[in-house]
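Residue numbers (my numbering): 3 to 295. Yeah, the Cβ is synthetic: ideal placement off N, Cα and C, and Gly gets one too.
Shown next, in the form of structure tokens:
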């Protein structure tokens, strides 16, 4: 909370180096790179009278950053984050900042976190609130706070009330979510262990567009202990929440995508792969005979 205590207006920058923006439709929110000068990236910080450890964020349109109960996509756990102006300011517009080093996680009153998504549309540049169970997406709830305007003494208000008791300290946050918060599907996952361990290999992956083009700025990584292409495919389906994918490597000479057919490189060497959906246009070209890797 101390990162916001002196702030009147802030910008929030996601793990993807993109700023949280209020869409000019005055309803949706998104993230965008190189938007620091946009007024849509400015969020006014309001202390909540309910608790000194909770705040509200108001967009340049005078509407509040709101955690809704509406699913972002049917069947997915992430829920929509919108800018709204409710007749009554309830807990849906309240966020609890939890410091993590020089960054913060913004938690709803129900335990989810403001998350900047990545991947293929409609996930790309979207904002939801969720609990990140996968190691590759846990940093997606971390935000850099850039103070645009300092709060003056006249603005300090409730945070400077000496008669208000201090809130209890937040529970310590670790790199992984507590096991109690994980769903049954996640806790039964075949993947175990920490990405910080030395065993296994690091997999860097990016999801290809329909035509096979890739954006390397959208690359993510995880630790992998398997030994076969089938195991890697299964793990990538879990990480990306996609089904029926083809794992490819990219030819450094001509940029063409080549499906992994037989074995992974030896000695747990680091890999850079491209995830292709089997229904995509580029996947249809893989039916042509080609030399196995």
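Outcome for residue i when other beta-carbon atoms lying within 10 angstroms are tallied against a minimum of 16
| i | result |
| --- | --- |
| residue 16 | buried |
| residue 82 | buried |
| residue 183 | Note on residue 183: pLDDT 36, under 50, position unreliable in the model; no value is reported. |
| residue 177 | Caution applies to residue 177, whose pLDDT of 41 falls short of 50 and renders its modelled position unreliable; the value that the coordinates give is listed next. Counting Cβ neighbours within 10 Å, residue 177 comes out exposed, since fewer than 16 surround it. |
| residue 287 | exposed |
| residue 259 | buried |
| residue 44 | buried |
| residue 222 | buried |
| residue 22 | buried |
| residue 162 | The predicted position of residue 162 is uncertain, since its pLDDT is 48 and thus under 50; a value taken from the coordinates is nonetheless stated next. When all chains shown are included, residue 162 counts as exposed. |
| residue 4 | exposed |
| residue 299 | The chain is shown only over 3 to 295; residue 299 falls outside these bounds and no answer can be derived. |
| residue 90 | exposed |
| residue 266 | buried |
| residue 80 | buried |
Distance CB(residue i)-CB(residue j) smaller than 7 Å
| i | j | result |
| --- | --- | --- |
| residue 11 | residue 85 | no |
| residue 14 | residue 97 | no |
| residue 118 | residue 18 | yes |
| residue 42 | residue 149 | no |
| residue 116 | residue 122 | no |
| residue 284 | residue 207 | no |
| residue 24 | residue 63 | yes |
Host alpha helix (DSSP H) of residue i (start-end)
| i | result |
| --- | --- |
| residue 7 | 4–7 |
| residue 284 | 283–286 |
| residue 231 | 231–242 |
Unbroken beta strand (DSSP E) run spanning residue i, endpoints
| i | result |
| --- | --- |
| residue 82 | 81–86 |
| residue 255 | Per DSSP, residue 255 belongs to no beta strand (DSSP E) and is neither H nor E. |
| residue 226 | 222–226 |
| residue 297 | Absent from the structure is residue 297, since the part of the chain shown begins at 3 and ends at 295. |
| residue 69 | 66–73 |
- Query: In chain order, which continuous runs of the beta strand (DSSP E) of length 3 or greater are located wholly inside the stretch 27–61?
  - Reply: 31–34, 45–50 and 53–60
- Which residue spans inside the stretch 94–159 form an unbroken beta strand (DSSP E) run of at least 3? 98–102, 105–109, 115–118, 129–132 and 145–152
- Task: Kindly confirm or deny that the stretch 249–266 and the stretch 115–132 touch, where touching means at least three C-beta pairs closer than 8 Å.
- Result: no
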